[in-house]
Amino acid sequence: PAPRAAWGSASAGSSAGYSASSSGAAPATAPSSASTDVGVARAAGARGALRVGVVYGGELSALPVHPVNVVPGLFAYLAAAAPGSRILGFQDGPAGLLSRNCRELTAEEIWGSLNQGGVQLLRYGTCSPGGFSPSERAEEARQAAAVCAAERLDSLVVMAGPRDLSWAAAIAVWFAEAECPTTIVGVPHSKNLSLYVPRFMPVTLGFDSARRQLSEVAGNIVLDSMSSRKYWHFVRCGADALTLEVMLQTRCTLSVLTMEQRGDAAKREKEERAPLLDIVDRVRDVITRRRTNGRASGVVLVSEGIIETRPEMETLKQELVELLGRDPVSTCKPPAITEVAGQLRTASSKELFKRLPRVVQMSLILRRDSSGMPLLPTDLEGERLVGRFVEQGLKAQQAMTPGPVPRFAPRFHVVDLMGNDPLPSPFDCALGYLLGHTAAALVCERRTFYVASCAEMHQPVEQWEPCAVPFSFLYPSSEDEQAHALHCNREPENEVPKTGWMLRQNLLEVHRHFRDVWVECNAFKSPGPMQFGDDGQVGPQHERPFSLLAEYMSVDELKQMVQPMASLPPPLQVSTHPLVLRDIRVEQNLSALERRRRTYQPCLPRFLRLPLRAQVEEATPKACSSTTELSQSFPLTMEQDSAVQILPFSEDGEPAAGRAAPAQAQQPGPLRVGVVFASNQAPGFHNVVAGLFDYLTQQPRACEVLGYLGGFEGLVKGHSVVVDGGMVDQYRNLGGQDMLCQFDDPASLGFKDHLKAVVATVATHRLDGLVLVGNLPSQCDAAFVAEACAAEHLATRVIGVPVSLDCNFPFVQQTAGFDTICRTLSHYLGNVGSVAQTSGDRWIFVRTMGDPWSHIAVECTLSMMPNLVLLSGSQFFGQSMVNIVRGICDVIVQRHEAGCDYGVVLVPMGFVMDITEMRLLFAEIMEIMANSHYESSWDAIPNISSKLKPQMAALFDVVPRDVQYEICFGGRERGTNKIDLSAISTDRLLLRFVEIELQRRRKLKVFTEDFFRGSCCPMVYQARSALPTDFDCDLSYTLGWGAGALVSLGKSGLLVHAGGLDRSVDEWRLGGIPLTSLLSAEYDEDTREHRIRPANVQLLKQRGIVRPFTRLPRPVERTPVYHGPVQFYGTAAALPMLRTTWYMANMPIQDPTEPLREIARLCSELQSTMAQARNESTLYAVNSLLSNALSVLESYRHLSDKTRTTTRSLADVPIEQMPDVWRTKRADSPPR
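Below, the structure written as structure tokens:
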């Protein structure tokens, strides 16, 4: 974990100086001149020891944030002002107080919680339902007074949000009327800014941590969308205030706010149109506008409650009451969902009800509140509903427009979950410590009915003004309360209203100013991970929340801070048909961390700055067991495919006197090298270009680097741009892929026409070198490009660079990007695990990127220890849905019996292909849709389901409704009919089956409690465009430098790779292996063809490796570990353990390069020895031994191939074959 101890005293100077006002009605502010806790306490005079109770309040369904540092601040002040004081903690919130469930908190555990996230000291809970007047809470107040008297409490400090502070206010009034000596002090905290008092409480504790965490995630997503031409990301962040804050921090395309939409709806021209349709139309219009101006992707932030607060939902509830009554369960058997949908009165209600998830439909039918109105679940998935409505609107609009239909691929993200319990920001650490001091001062001054707060938080910490306001200040004016009640569709009540929907007027003005600008262009910003460092400082003013700065700054000042450079340079035109534009990132508009990261100078092995040579290896490893088939597809490149090692030109590492290195030889004309981003987003692409450019510009020969825009599309169509020093410096060490972009069209050079176009482009541009950067399938394309160039007698040298999320290259110790992905995902997963642990009653299913044997999932499991990780071919689960669900439920029940009703289940994206039933279902649906045409609509799903076989139809009927849509219409992969796995919500699918199985076990009396609550949190796109770690910056820069060296040395058809990565950078080795060594050939007995495929490496299948999970606790006993965000500076960034991974440590065991060198050496010695043999019988004996050895090895190879065919996982069997060009016809060869 990142070092956090330095933040403990950050606010001590100001917060210790509280001075209570003599007036009980007015806010009490403090002077800012006091310096230390002890000094102020002594100045106030010694006091007797006090006994103080603390309560954590919060609604379980809302997953409240942890009031960081409040208790340590309270304890520190009391230790100085009233030595010997005791702090008693009440478990489970107000209920724990009433039941006297308390314990004394020790100094060790209090200081152990300093600057940490998660509820470590106490469990939280909320008050019981009911009103909040003193008379309505009189019985609870009597019980609380009795407990306070029994524990001899001088004061009770309640740390909570609006609801439980309302309860505390009622108890405080009753205590005062009953002359109870215990005082009541409140400490507000809310991630959604649900409490607001002008000047005295501009932001709440927890808001800054939440907005920093969510801004990091949203910033990665917006950068991911810049390199895409199809994905629209719908991201749910939280309440309006938090959503608007994240919107301004990342400058995303559009935000959908509940309050703003209600205001806009009042001005709509056609009163008969419902507000929800206005939202859908506005998002649809934005998508259409951006397509027109060359930007076919974007990010939409959606506030929570966007569906619940719509008038359509109120109308639907009223119609359901008219149809079913106020108690449908007691009157008759609950009607079927289809029956209810057909009997609804209005078309808008039918449409909305049909789009709702099945669990929401059943809740509306069966559940009622105290007034008899239908109840909604806590999670309506508003981002999915809005996105699906928009998708249907676009399809209806396109049906009336002639021409090709642009692809719209929505992706949905629930990131508000990660804002509940992140590692607290330095700002919140200081604020919490200050509020603890302020609460302690209120306790010592015997103040009651006060809430601790702070003013002037836009200033340096030393100038903050601790203060306290009466509970009554938390209630807005009657006019505001009426507006809030109208917003929430309820009458005003005696509860502190949540103000998360109330937006600062200045921020709204800024949002309106930039709203159209950000629709017309991409001005995205990625704030990056929170940095702590070692200096203990909160940070400069520009890093404070905009919601805070809006209290003190003008609109013009805020505009300058939100987007410093308003006029952007003209975009770069990628293509004309269709129009595609790439916006340019400018330094002034980058985040502070991005600007700082651009100055980082990647480390490079020292020998690479010397004149270099390429030494041919004596033996070259091959992934394919038989190279005969490969030789027929690669007759030219296979003749000269030998691995090389890049070494300094002289043996001693210094330039040799009197001779020049080959790389320095002068040749006529400039060296022209093209570079292509050949696969999807991964951290490190930009630094490969930087390394390549820097190497070439340091050579005596003039050079020119051409970047092909849009990936293979630019290479096929010849769309290029000259890469100069300014462009390279603009993207150094930054995440994303938007320097050159990659549009997945085509995603592969899988057809001969594509290869011919590539060769034509290479010849037209007279390229001396072509560098393809990407994953393993893209390097298979690079092998074909190298062969095609050789066939056309082009001198172009084709070099591959491994940058990939999956890290599955043969003979490559680790790919660039893998370290960043694993560390970023471990941070997010640790945060989710902390949320689950804090809640105490929630299981979270997380879907990440990766294939069924995902190395990412393995590394994240070792890092943060989820309770379960689902991988291919697991002996624990098997491969059937029944076994998988049974295994998950067994662990859930066992943890429940052990008293732990929470956990994390990690599911790689590709795992769904390892489930037998799902593969059969996918195959049937693909067959049905291939033989008939179906409109992409919800109404078509029943028609598809009716054509399934009975078993598959029964399975399909249980699948969540939106997952059904994803399977049928979620998109196809690589221009084929293969289902796009990134569109399938495997987490939601498994959660649905787990819920059904647990309900079945409950009915069978295996257990009686209804304890299970599940949530889903997809993390497929959140880390692909993250800021690269120092290790990945160094590795990708080194690989780019090595690619330039291989081009200069005249080498072609090679993949540059680095070894010795577990040592210091100066000890890294650099070399090249033939691209054909990465391929395998499999014979298809039906078509009598050999299919050429990338030879994926899955370490979990290999022998001789250290099994990754043997040292972990059993799944039932695991507790999630939270390491915090990636650090680039300070002590935490320099830990050596952060530069190694399980894959890196185990991959050299699978790399035969070193054993092959030893075998070559032994064979050479044997040949030299036998050349001197004088006895003919000795020669014969050695010859026989070697022949027999070859025969044994050949037999073992055939046996290994047969075993591999019969024991491989289902996930290895493709539903659909690869494109035609990756086939070698063998009509004359008999089937094996």
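Per this note's numbering, the very first residue in the sequence shown carries number 87; after that it's consecutive. C-beta atoms are modelled at their ideal positions from N, C-alpha and C, and glycine is treated no differently. Note that the structure is predicted; figures quoted are calculated from it, not measured.
Per the DSSP secondary-structure output, ILE930 pairs in a beta bridge with VAL990, SER1101.
Selection PRO626, GLU195, SER389, ALA482 evaluated against GLU548 yields PRO626 as nearest (Cα-Cα).
Secondary structure note for LEU1075: its alpha helix (DSSP H) is the uninterrupted segment 1072–1089. Here HIS851 really is in contact with LEU792; their C-beta atoms are around 6 Å apart, less than 8 Å. Between GLY855 and ARG883, the C-beta spacing is below 7 Å.
For PHE632, the enclosing alpha helix (DSSP H) starts and ends at 632–635. Inclusion of LEU1034 and GLU1013 in the CB contact set at 7 Å is not warranted, their separation being larger than that value. The beta carbon of ALA230 is closer than 7 Å to those of LEU183, LEU184, ILE257 in its chain, skipping five residues each way along the sequence. Closest option to GLU145, judged by alpha-carbon separation, among TRP1228, LYS277, ARG137, ASP1043: LYS277. The shortest CA-to-CA distance from SER539 to any of LEU281, CYS607, MET813 is the one to LEU281. Our two residues, GLN404 and TRP197, have alpha carbons roughly 53 Å apart in a direct line.
Boundaries of the beta strand (DSSP E) harbouring GLU190: 188–190, taken from the DSSP string. C-alpha of MET345 to C-alpha of LYS1089: approximately 43 Å in a straight line. Between the C-alpha atoms of GLY755 and ASP1116 there is a straight-line separation of about 36 Å. In the displayed model, ALA427 falls within a helix according to three-state DSSP. Three or more beta-carbon pairs separated by less than 8 Å link the segment 282–298 to the segment 314–331, which places the two stretches in contact. Here DSSP, grouped into helix, strand and coil, assigns TRP939 to coil. Nearest in C-alpha terms to ALA833, of all of VAL809, HIS982, ASP1066, THR1227, is ASP1066. Here the alpha carbon of GLY936 sits roughly 13 Å from the alpha carbon of GLY903. Just measuring C-alpha positions, the residue of LEU1113, THR378, ILE978 sitting nearest ALA768 is LEU1113.
Distance between SER661 and HIS805, taken at the CA atoms: about 7 Å. Of all C-beta pairs linking the segment 601–615 to the segment 376–388, three or more are shorter than 8 Å, placing the two stretches in contact. DSSP lists no bridge partner for ALA516. About 5 Å separates the Cβ atoms of VAL369 and VAL476, confirming a contact at the 8 Å cut-off.
Distance from the CA of SER1134 to the CA of SER1023, rounded to the nearest whole angstrom, comes to 55 Å. Excluding residues up to 5 positions away in sequence, LYS403, LEU406, LEU450 lie with their Cβ nearer than 6 Å to the Cβ of PRO460 in the same chain.
Excluding residues up to 5 positions away in sequence, PRO888, VAL889, SER890, CYS893, PHE895 lie with their Cβ nearer than 7 Å to the Cβ of THR901 in the same chain. Contact between the segment 817–831 and the segment 693–700 is absent, with fewer than three C-beta pairs closer than 8 Å. For VAL308, the closest alpha carbon among the candidates PRO1194, GLY614, ALA1259, GLY811 is that of GLY614.
Each residue's CA atom was taken as its position, placing LEU207 and LEU191 some 8 Å apart. The C-alpha of VAL871 is placed about 60 Å away from the C-alpha of TYR638.
If you draw a 10 Å sphere on the C-beta of ASN1232, you find 16 or more other C-beta atoms in it, and that means buried. Within the segment 260–336, the beta strand (DSSP E) runs of at least 3 residues that lie entirely inside it are, in chain order, 269–274, 317–324. The alpha carbon of PHE559 has as its nearest neighbour, out of SER171, TYR536, TRP550, ALA881, the alpha carbon of TYR536.
With a 10 Å radius around the Cβ and a threshold of 16 neighbouring Cβ atoms, GLU1251 comes out exposed. By the Cβ rule, the segment 776–785 counts as touching the segment 1126–1143, because three or more pairs are nearer than 8 Å.
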